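S.K.: Next up is a structure, given as structure tokens.
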Amino acid sequence: MGEEKNFVTAKQVTSGMRFLPTGSALHKLSALLTLLLLIAAFSFTSPAFLSVNNGLTVLLQTSVIGILAIGMTMVIITGGIDLSVGSVLALAGVVAGLVIKAGVPVAPAMALGVLAGAACGLVNGIVISKMRITPFVATLGMMMIARGVALQLTGAAPISRLGEAFGLLGNGTFFRIVEMQPNGFPKVIFPGIPYPAVLLVLTALLGAYLLQKRQIGRHIFSVGSNEEAARLSGVNVDRTKIWAYTASGALAGLAGMVLMSRLVTVQPNEGVMYELDAIAASVIGGASLMGGVGSISGSMIGAFIIGVLRNGLNMAGTSAFIQQIIIGIVVIGAVYIDQIRNRN
Amino acid sequence: MLDTHASTTPLVQMSDIHKHFGGIHAVEGVSVDLYPGEVVGVLGHNGAGKSCLMRMLAGAMLPTGGEIFVNGQRADLKTPQDAKRYGIETIYQTLALANHLDAAANLFLGRELKTRFGNLDETRMHAETKDALRQLNPNFKNLKDPVARLSGGQRQVIAIARAIYFQAKVLIMDEPTAALGPSETAMVADLTLRLKDEGIGIFLISHDMHDVFDLCDRVMVMNKGRNVGTFRIGDVDKDDILSLIIKGALPDGWVPRGRTS
Numbered sequence: 013m014g015e016e017k018n019f020v021t022a023k024q025v026t027s028g029m030r031f032l033p034t035g036s037a038l039h040k041l042s043a044l045l046t047l048l049l050l051i052a053a054f055s056f057t058s059p060a061f062l063s064v065n066n067g068l069t070v071l072l073q074t075s076v077i078g079i080l081a082i083g084m085t086m087v088i089i090t091g092g093i094d095l096s097v098g099s100v101l102a103l104a105g106v107v108a109g110l111v112i113k114a115g116v117p118v119a120p121a122m123a124l125g126v127l128a129g130a131a132c133g134l135v136n137g138i139v140i141s142k143m144r145i146t147p148f149v150a151t152l153g154m155m156m157i158a159r160g161v162a163l164q165l166t167g168a169a170p171i172s173r174l175g176e177a178f179g180l181l182g183n184g185t186f187f188r189i190v191e192m193q194p195n196g197f198p199k200v201i202f203p204g205i206p207y208p209a210v211l212l213v214l215t216a217l218l219g220a221y222l223l224q225k226r227q228i229g230r231h232i233f234s235v236g237s238n239e240e241a242a243r244l245s246g247v248n249v250d251r252t253k254i255w256a257y258t259a260s261g262a263l264a265g266l267a268g269m270v271l272m273s274r275l276v277t278v279q280p281n282e283g284v285m286y287e288l289d290a291i292a293a294s295v296i297g298g299a300s301l302m303g304g305v306g307s308i309s310g311s312m313i314g315a316f317i318i319g320v321l322r323n324g325l326n327m328a329g330t331s332a333f334i335q336q337i338i339i340g341i342v343v344i345g346a347v348y349i350d351q352i353r354n355r356n
Numbered sequence: 372m373l374d375t376h377a378s379t380t381p382l383v384q385m386s387d388i389h390k391h392f393g394g395i396h397a398v399e400g401v402s403v404d405l406y407p408g409e410v411v412g413v414l415g416h417n418g419a420g421k422s423c424l425m426r427m428l429a430g431a432m433l434p435t436g437g438e439i440f441v442n443g444q445r446a447d448l449k450t451p452q453d454a455k456r457y458g459i460e461t462i463y464q465t466l467a468l469a470n471h472l473d474a475a476a477n478l479f480l481g482r483e484l485k486t487r488f489g490n491l492d493e494t495r496m497h498a499e500t501k502d503a504l505r506q507l508n509p510n511f512k513n514l515k516d517p518v519a520r521l522s523g524g525q526r527q528v529i530a531i532a533r534a535i536y537f538q539a540k541v542l543i544m545d546e547p548t549a550a551l552g553p554s555e556t557a558m559v560a561d562l563t564l565r566l567k568d569e570g571i572g573i574f575l576i577s578h579d580m581h582d583v584f585d586l587c588d589r590v591m592v593m594n595k596g597r598n599v600g601t602f603r604i605g606d607v608d609k610d611d612i613l614s615l616i617i618k619g620a621l622p623d624g625w626v627p628r629g630r631t632s
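Chain order of the listed sequences is A and B. Each residue of the first sequence is one higher than the one before, counting from 13 in our numbering. Each residue of the second sequence is one higher than the one before, counting from 372 in our numbering.
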């Protein structure tokens, strides 16, 4: 009798809680709210902030971090971390730049760049799962190796004059409307949706689909949640980890293509500290460094929080140093909220 | 000892199994067999090597030496997947559940149902899980909660459901009732007997003498990595088993109980 009564109360408590969003949804909601608050605040401080032009600029600026954050999120959900994405981004750019210089057309050269990124990720995955090196150390090593290779291949000099086609991915737009004025000067009515933003949306949709709807996504969550349980249940843990790191490397390569294309120059020392922005985006978006928790949508919100903060603070004339401080505080704050959530 | 089974091949036969970790000999030359519809208790105090032995049968650990036969065929159990292919399912003492995933995701982990496009078939997995769990516990409600939020009993039910859903032929139960209350323990006992009637062979690791004498047909006692005796349950009593567990030998002057000679 007593047991039955306890059962009923337990049931009432859980059904009562259904009205409130649960754990990760709550975190995502609070992150989204933060994003909206930031946008509202910056609209007050700077009148130019809330304009179509600036909105598209933020989209463009955030796309590189956003693409990195998608791969980072997958790795973080497995309970790992990928510190190498900033360097891999540079190396992928160098590979693409060098093969273009060797006479290969832009599209296959960029595909090779992405493949070079994937190869770095594959090495990360193999070192982590087969050699049993912790992800932090393995990807720290790869961070130095990839950067070193990129600098060695180019002699630390940028590769420029890559042709107009190389700049298309980073600078092209959809639906750009330009009107010729009577005085002979063109007037931009709508600057167009930048290709990188479209690429970000497509990559994010693909990432979310893989994580939520496919077996590999389920396995990524299970490995991060309880690696031993996943192994005993028949999940191929090594293959799952290798997959996640390879995806992260390939996305770092893709982000490298976008960034170098935007500059129409390959800079072997680009992307320093980008991994930290990507990690921050994932963590702000609710991913747990302990593994098993995270989402692409959350990480996209996180990436845009960082992007909007940077952009808004720039427009308000805040120095780059102060920006670092503020973003640091936001990261700690987001993780603190997560801690409180887990304690409840 | 095996007269009643002489006509059938054993479901599982582990022969001269060794497991060494560096210089430590966790399992030394253990042989044991299991017949269809039989419950064999695996006893011994902590560190006697019983979990280790069972992990090798579950494919979670590679033996250093020895052979395992399933249905008379030599089986190479390198991974848990291999063992599952032979119909060997395990309920681990730790339950081996991914805490962030819900009941259905855990039940089908590693063996997900898919739609014809290769996507996860959540609808079918949830429906099947609901049926499987309701059979064990009609009150099971929180199907979509991460299992971290469920009670110990509910988590145990998921672990059991996972082992029997896939038509196990051999079931390894490592302390299946350690986390359960009295009514749930009775449920597990009923279930064990039902599975036994269906012809499933069960290895039961337990410290609970009650369970052992109620459920087992035979017991195998391990002491310091060795098999110190396999007996029909009618031939031994509680004191004999305790003596085997602690001393590694039967009490002096032992004769099979329940036999006249």
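Glycine included, C-beta positions come from ideal geometry on N, C-alpha and C. Note that the structure is a prediction, hence the values are computed from the model and not measured.
Mind listing the chain B neighbours of residue 244 of chain A? Cutoff is C-beta to C-beta under 8 Å, in chain order.
M.R.: The count along the first sequence starts at 1 and reaches residue 244 of chain A at position 232. Here the neighbours are 429, 431, 451, 461, 463, 467.
S.K.: In the DSSP assignment, what are the bridge partners of residue 459 of chain B?
M.R.: For the purposes of this step, residue 459 of chain B is taken as residue 88 along the second sequence, with counting starting at 1. Note: residue 459 of chain B sits in a beta bridge opposite B:541.
S.K.: Would you verify that the beta carbon of residue 227 of chain A is, or is not, closer than 9 Å to some beta carbon of chain B?
M.R.: Start at 1 with the first residue of the first sequence, and residue 227 of chain A comes out as number 215. Closer than 9 Å: yes.
S.K.: Residue 498 of chain B: buried (16+ other C-beta within 10 angstroms of its C-beta) or exposed?
M.R.: One-based indexing of the second sequence puts residue 498 of chain B at position 127. Result: exposed.
S.K.: Output yes if chain B places a C-beta closer than 9 Å to the C-beta of residue 15 of chain A; else output no.
M.R.: Position 3 of the first sequence, counting from 1, holds the residue named residue 15 of chain A. For residue 15 of chain A, the predicted model reports a pLDDT of 40, less than 50, meaning its position is unreliable and no value from the coordinates is stated.
S.K.: What number of angstroms, rounded off, separates the C-alpha of residue 481 of chain B from the C-alpha of residue 231 of chain A?
M.R.: Within the second sequence, residue 481 of chain B is the residue found at index 110, counting from 1. Within the first sequence, residue 231 of chain A is the residue found at index 219, counting from 1. Residue 481 of chain B and residue 231 of chain A: Cα-Cα distance of roughly 7 Å.
S.K.: Does any CB atom of chain A fall closer than 9 Å to the CB of residue 485 of chain B?
M.R.: By one-based count along the second sequence, residue 485 of chain B stands at place 114. Taking Cβ atoms only, chain A reaches closer than 9 Å to residue 485 of chain B, which makes this a yes.
S.K.: Taking all protein chains shown into account, decide if residue 48 of chain A is buried (16 or more other Cβ within 10 angstroms of its Cβ) or exposed.
M.R.: The residue you call residue 48 of chain A lines up with position 36 of the first sequence. Exposure of residue 48 of chain A is indicated by the presence of fewer than 16 other C-beta atoms within 10 angstroms of its C-beta.
S.K.: Using C-beta distances below 6 Å, list every residue in its chain close to residue 440 of chain B, excluding the 5 sequence neighbours before and after it, in chain order.
M.R.: Within the second sequence, residue 440 of chain B is the residue found at index 69, counting from 1. Within the same chain, residue 440 of chain B has close Cβ partners 384.
S.K.: For the beta strand (DSSP E) containing residue 390 of chain B, name the first residue and the last one.
M.R.: Sequence index remark: in the second sequence, residue 390 of chain B carries index 19 (1-based). First-last of the beta strand (DSSP E) with residue 390 of chain B: 383-392.
S.K.: Can you confirm whether residue 54 of chain A, when its beta carbon is compared against all beta carbons of chain B, has any partner nearer than 9 Å?
M.R.: Position 42 of the first sequence, counted from the start, is the residue given in the question as residue 54 of chain A. So, not an interface residue.
S.K.: If you compare alpha carbons, which of B:389, B:533, B:580 is closest to residue 611 of chain B?
M.R.: By 1-based counting over the second sequence, the position of residue 611 of chain B is 240. For the residues B:389, B:533, B:580, the minimum Cα distance to residue 611 of chain B belongs to B:580.
S.K.: Using 8 Å for Cβ pairs, my map puts residue 263 of chain A next to residue 215 of chain A. What's the rounded Cβ distance?
M.R.: To locate residue 263 of chain A, count along the first sequence from 1; it is residue 251. To locate residue 215 of chain A, count along the first sequence from 1; it is residue 203. With 8 Å as the limit, residue 263 of chain A and residue 215 of chain A qualify as a contact, their Cβ atoms being about 7 Å apart.
S.K.: Between the Cα of residue 597 of chain B and those of B:529, B:379, B:389, B:381, spot the shortest distance and give me the residue it belongs to.
M.R.: Walking along the second sequence from the start, residue 597 of chain B turns up at place 226. Answer by Cα proximity: B:389.
S.K.: Applying the 10 Å Cβ sphere with the 16-neighbour rule, what's the burial state of residue 40 of chain A?
M.R.: Locating residue 40 of chain A in the first sequence gives position 28, counting from the first residue. The residue in question, residue 40 of chain A, is buried, as its Cβ has 16 or more Cβ neighbours within 10 Å.
S.K.: How is the alpha helix (DSSP H) around residue 84 of chain A delimited, first residue to last?
M.R.: Along the first sequence, one-based indexing puts residue 84 of chain A at 72. First-last of the alpha helix (DSSP H) with residue 84 of chain A: 64-89.
S.K.: On the three-state DSSP scale, how would you describe residue 626 of chain B?
M.R.: On the second sequence, position 255 is the one that residue 626 of chain B refers to. Of the three classes helix, strand and coil, the one that applies to residue 626 of chain B here is coil, per DSSP.
S.K.: Identify the continuous alpha helix (DSSP H) that holds residue 11 of chain A and give its terminal residues.
M.R.: Because chain A here runs from 13 to 356, residue 11 of chain A falls outside it and cannot be looked at.
S.K.: Residue 539 of chain B and residue 458 of chain B: beta carbons closer than 9 Å?
M.R.: By 1-based counting over the second sequence, the position of residue 539 of chain B is 168. By 1-based counting over the second sequence, the position of residue 458 of chain B is 87. Yes. Within cutoff.
S.K.: Quick one: which residues of the segment 70-98 of chain A get their C-beta closer than 7 Å to a C-beta of chain B? List them in chain order.
M.R.: none
S.K.: Using the beta-carbon of each residue, which ones in chain A are nearer than 9 Å to residue 476 of chain B?
M.R.: One-based indexing of the second sequence puts residue 476 of chain B at position 105. Neighbours of residue 476 of chain B on chain A, chain order: 230, 233, 234.
S.K.: Give the secondary structure of residue 588 of chain B by DSSP, where H, G and I count as helix, E and B as strand, and everything else as coil.
M.R.: Translated into the one-based positions of the second sequence, residue 588 of chain B becomes position 217. Coil at residue 588 of chain B, not helix or strand.
S.K.: If you count every other CB in all the chains shown that lies within 10 Å of the CB of residue 416 of chain B, and 16 or more means buried, which is it?
M.R.: If you number the second sequence from 1, residue 416 of chain B lands on position 45. Answer is exposed; the Cβ neighbour count stays below 16.
S.K.: So residue 240 of chain A contacts chain B; which residues on that side make the cut at Cβ distance below 8 Å?
M.R.: As a working mapping, residue 240 of chain A is identified with position 228 in the first sequence. Correct list: 465, 467.
S.K.: Determine the contact status of residue 555 of chain B and residue 508 of chain B, defining contact as a CB-CB distance below 9 Å.
M.R.: Numbered from its first residue, the second sequence carries residue 555 of chain B at position 184. Numbered from its first residue, the second sequence carries residue 508 of chain B at position 137. It is a contact, given that the beta carbons lie within the stated cut-off.
S.K.: Residues of chain B with CB under 8 Å from residue 247 of chain A, in chain order?
M.R.: As a working note, residue 247 of chain A is residue 235 in the first sequence. Per Cβ cutoff of 8 Å: 480, 481.
S.K.: Should residue 31 of chain A be flagged as near chain B, meaning a C-beta pair shorter than 9 Å?
M.R.: Position 19 of the first sequence, counted from the first residue, corresponds to residue 31 of chain A. Reliability of the predicted coordinates at residue 31 of chain A is poor, the pLDDT of 48 falling under 50, and no value is obtained from them.
S.K.: Given residue 271 of chain A, which residues of its chain have a CB within under 8 Å of its CB, disregarding the five upstream and five downstream residues?
M.R.: In the first sequence, the residue the question calls residue 271 of chain A occupies position 259. The residues are 76, 101, 105, 182, 282, 283.
S.K.: Let's test the definition: count the other Cβ atoms within 10 Å of the Cβ of residue 56 of chain A and tell me whether it reaches 16, buried, or not, exposed.
M.R.: Sequence index remark: in the first sequence, residue 56 of chain A carries index 44 (1-based). Within a 10 Å sphere around the beta-carbon of residue 56 of chain A sit fewer than 16 other beta-carbons, which makes this residue exposed.
S.K.: Starting from residue 455 of chain B, find everything on chain A with Cβ-Cβ shorter than 7 Å and list it in chain order.
M.R.: Within the second sequence, the letter at position 84 stands for residue 455 of chain B. Chain A residues near residue 455 of chain B: 246.
S.K.: Residues of chain A with CB under 7 Å from residue 521 of chain B, in chain order?
M.R.: Reading the second sequence from its first residue, position 150 is the one you call residue 521 of chain B. Taking a Cβ-Cβ threshold of 7 Å, none of the residues of chain A is close to residue 521 of chain B; the smallest such distance is about 10 Å.
S.K.: For the beta strand (DSSP E) containing residue 198 of chain A, list its first residue and its last residue.
M.R.: The residue you call residue 198 of chain A lines up with position 186 of the first sequence. Note, residue 198 of chain A: beta strand (DSSP E), 198-202.
S.K.: Residue 471 of chain B versus chain A: which residues are under 7 Å apart at the beta carbon?
M.R.: As a working note, residue 471 of chain B is residue 100 in the second sequence. Under the 7 Å cutoff, chain A gives 233, 237, 304, 305.
S.K.: Determine the contact status of residue 471 of chain B and residue 517 of chain B, defining contact as a CB-CB distance below 9 Å.
M.R.: Numbered from 1 along the second sequence, position 100 holds the residue referred to as residue 471 of chain B. Numbered from 1 along the second sequence, position 146 holds the residue referred to as residue 517 of chain B. Yes, the Cβ-Cβ distance between residue 471 of chain B and residue 517 of chain B is below 9 Å.
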